[in-house]
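Enquirer: My structure is below; once you've seen it, I'll send some questions.
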Amino acid sequence: MVGTTLTQIRTHIESLASDDGAYELVCGRTGERPVPVDGLRFEDRSTGEAAARAARQYRSALRRYDPNVPYYDLIVSEHDDVPGFGGASATADGWATAGATPGLPEPPSGFDLGTDADGGPECDNGGERSERVEFCHRVAAAVFEALVDAGHRAVETAVMDAYFDLAETMSSADDLCLRLLESMATALHVHLTSAEQADVLERAASNITSRPDSAGALGATLAEMERLDLVGSYTCSPWRPGPDASTRSAELTLEGYALSAREGRLPVLPVVLDLYRRAESWKPVSLHVTPAEEGWHATLSVSSKSNAVGLASVPVHERAAD
1 MVGTTLTQIR THIESLASDD GAYELVCGRT GERPVPVDGL RFEDRSTGEA
51 AARAARQYRS ALRRYDPNVP YYDLIVSEHD DVPGFGGASA TADGWATAGA
101 TPGLPEPPSG FDLGTDADGG PECDNGGERS ERVEFCHRVA AAVFEALVDA
151 GHRAVETAVM DAYFDLAETM SSADDLCLRL LESMATALHV HLTSAEQADV
201 LERAASNITS RPDSAGALGA TLAEMERLDL VGSYTCSPWR PGPDASTRSA
251 ELTLEGYALS AREGRLPVLP VVLDLYRRAE SWKPVSLHVT PAEEGWHATL
301 SVSSKSNAVG LASVPVHERA AD
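Each step along the sequence shown adds one to the number in our numbering, with nothing skipped, and position 33 is 33.
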């Protein structure tokens, strides 16, 4: 099963990582740090090379789900923070090579970590658009892993059936990845209870590089959505207290939202998942959405005590009469 393999490979890569490591993996042409090595550091160059081989295999396995997953030429580079080194401008000996590295943990049985596990076209240097595609793939991969871990095979099958139908009719990788997230959000809603959805989202958030809990997590999430052109523009009110100290809410407007409503529901999977990973102690418990002139108005409620609610997609409510 590909999903199980993704989980095993990610676990292996994370076992090689070090919080204070001086090396990281980047694309040699763009400097991007793709999933599953985004945010990870490694103690030395040889450990980084082992991680690069596993990362190639991860992305090769992910490509069985989605042939449009971008290709990256991963190299081992000293981190930007290391004095006297220019970050991603790694020297020729930084290119990850194949072969066993003495003293490092062996990957799970069945791995094929050859020299060209992720071989193919050069990585895309398409600017913001390629970042949006990569983010969508990162979200999709994290949710796939979570579905496999939780044993939701029916949802996984439904998502992949929808994806293959889309892939046959769409030529744009950018549009395809957006439609994949829409299909995924719909499948989560149709096949899982609210509690099961919340569990999958929490699992998926743990599969993406996390950020420290922050009072500014919502603003950071919305700014990231705008940077990736998943949202054209947004407004966000200050938090206002709820009925007790453990709840609060904020008013949002989202203009130019890239995902479309389906059958009376708005897919919000990428927004909610990004919020999950940034603010672990405040769980989304409600998202009330109504149409606005150029997009959507939403009221988001979060709680520090209540259990999270599944919010992969939310019902669209009618606008109140003026």
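Virtual Cβ for every residue (Gly too), placed ideally from N, Cα, C.
Hey, would you say V289 sits closer than 9 Å to P315, going by beta carbons?
Expert: yes
Enquirer: Determine the extent of the beta strand (DSSP E) in which R265 is found, giving its start and end residues.
Expert: Per DSSP, R265 is one residue of the beta strand (DSSP E) stretching across R265 to P267.
Enquirer: Expressed to the nearest angstrom, what Euclidean distance is found between the alpha-carbon atoms of D20 and V190?
Expert: Spanning the two alpha carbons is a distance of roughly 43 Å.
Enquirer: Just confirm the distance between the C-beta atoms of D229 and R132, as a whole number of angstroms; I'd bet it's less than 8 Å.
Expert: 6 Å
Enquirer: Hey, would you say the C-beta of E318 is under 8 Å away from at least one heavy atom of the ligand HEM?
Expert: The ligand HEM is not among the ligands present in this structure, which contains no ligands whatsoever.
Enquirer: Count the other CB atoms, across all protein chains shown, that sit within 10 Å of the CB of E134; report buried if there are 16 or more and exposed otherwise.
Expert: buried
Enquirer: Report the three-state DSSP secondary structure of V200 (helix, strand or coil).
Expert: helix
Enquirer: Roughly how many angstroms lie between the CA atoms of R265 and E293, to the nearest whole one?
Expert: 18 Å
Enquirer: I need the DSSP call for E280, collapsed to helix, strand or coil.
Expert: coil
Enquirer: Among the residues of its own chain, which have a CB less than 8 Å from the CB of L166, if the five just before and after it don't count?
Expert: L176, R179, L180 and S183
Enquirer: Using 9 Å as the threshold, is the C-beta distance between R45 and V26 below it?
Expert: The answer is no: Cβ separation not under 9 Å.
Enquirer: What's the C-alpha gap between M225 and A217?
Expert: 12 Å
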